[in-house]
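To start, the structure under review is shown below, and the notes come after it.
In my numbering, the protein residues as written are 36 to 196.
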């Protein structure tokens with residue numbers, strides 16, 4: 036087996052296999068192209084090392100005991116800070132929601148006033164005997180003027196004159 040075969044079987048990168056070979060002191064043979072060739076016993080060593088790596092449940096177990104306590108205190112502080120952050124975010128969201136609610140209520144009041152005004156105008160128009168004046172729709176695009184394209188002469192097209 037070569038390095039890539041072992042990496043694929045164990046589900047790790049080939050650089051990890053090379054690093055583990057150095058750590059374990061394995062000296063594999065090389066083929067004619069200079070690639071490492073591993074025996075079954077060398078593969079078994081790498082597989083056992085990989086399983087030991089997976090069994091380690093606590094990644095901070097390599098630290099001395101006093102370091103473990105400090106790390107646990109830091110983790111507790113981080114959790115407290117995250118909780119405070121979430122609470123702050125909830126508060127900000129609540130304030131924003133209240134502001135939006137007030138804005139919507141203000142808009143509803145304006146809409147009700149406009150509805151009342153429209154009703155007044157409709158009653159005034161129905162009371163008057165004159166037909167409504169023709170109102171042209173408002174164009175938001177602005178005036179459109181048609182520009183006539185200037186014809187270019189053949190010499191100008193060919194020589195850019």
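Glycine included, every Cβ here is placed at the ideal spot set by N, Cα and C.
The structure displayed is predicted, hence computed values, not measured ones.
Taking the Cβ atoms as the reference, residue 80 lies roughly 36 Å from residue 109, outside the contact range of under 8 Å.
In the structure shown, residue 64 adopts extended strand secondary structure according to DSSP, grouped into three states. Pairing residue 111 with residue 129, the inter-Cα distance amounts to about 27 Å. Straight-line measurement puts the Cα of residue 88 at about 27 Å from the Cα of residue 113. Under the three-state reduction of DSSP output, residue 47 falls in the coil class, being neither helix nor strand. Note on the stretch 125-165: there is no whole beta strand (DSSP E) run with a minimum of 3 residues. Exclusion of the five residues before and after residue 39 leaves 49 as the residues of its chain whose Cβ lies within less than 6 Å of its Cβ.
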